[in-house]
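Quick note on numbering that gives the first Met the number 0: the sequence shown kicks off at 0 and runs consecutively. Where is the CB? At the ideal position from N, CA and C, for every residue including glycine.
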Amino acid sequence: MEKAATEANIKQLCDTTKKLVRKYSKPERTVNDKEGRPIIEIQKQKNRWVEHFEELLNRPTTLNPPHIEAAHTDLPIDITAPTIE
């Protein structure tokens, strides 16, 4: 802790202080079902993540997609070998 303070390493100093003052752990985030109730079992949490991403990635496309022009293929690029001058 003294080393962190003398080196002005504020992040390390704060982390060390937190660990010394109380049990330090990252906050856990709960996984909720569609109704907002927390899911306790790990396998059910994984299943809910699968369900969430399947719904997210399999949504229907928009009715009016934006018009995006194709990129030009004949760009003026010099492809000659470099020379030493």
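* Bridge partners - P37, DSSP secondary structure assignment -> Here residue 37 refers to the residue found at position 38 when the sequence shown is read from its first residue. Paired residue(s): N31.
* Can you tell which of V20, D32, E84 and R21 has its C-alpha closest to the C-alpha of E50? -> The residue given as residue 50 occupies position 51 in the sequence shown. Comparing Cα positions, the closest option is D32.
* **Inter-residue spacing [alpha-carbon to alpha-carbon] between L12 and R21** => For this step, residue 12 is matched to residue 13 along the sequence shown. For this step, residue 21 is matched to residue 22 along the sequence shown. When rounded, the distance between both Cα atoms is 14 Å.
* **Cβ neighbours of E84 in the same chain (closer than 7 Å, five flanking residues each side left out)** => Walking along the sequence shown from the start, residue 84 turns up at place 85. Contacts found: none.
* Asked: Do I38 and R47 come within 8 Å of each other at the CB atom, strictly closer than that value?
  -> Counted from its first residue, the sequence shown places residue 47 at position 48. Counted from its first residue, the sequence shown places residue 38 at position 39. Yes, the Cβ-Cβ distance between R47 and I38 is below 8 Å.
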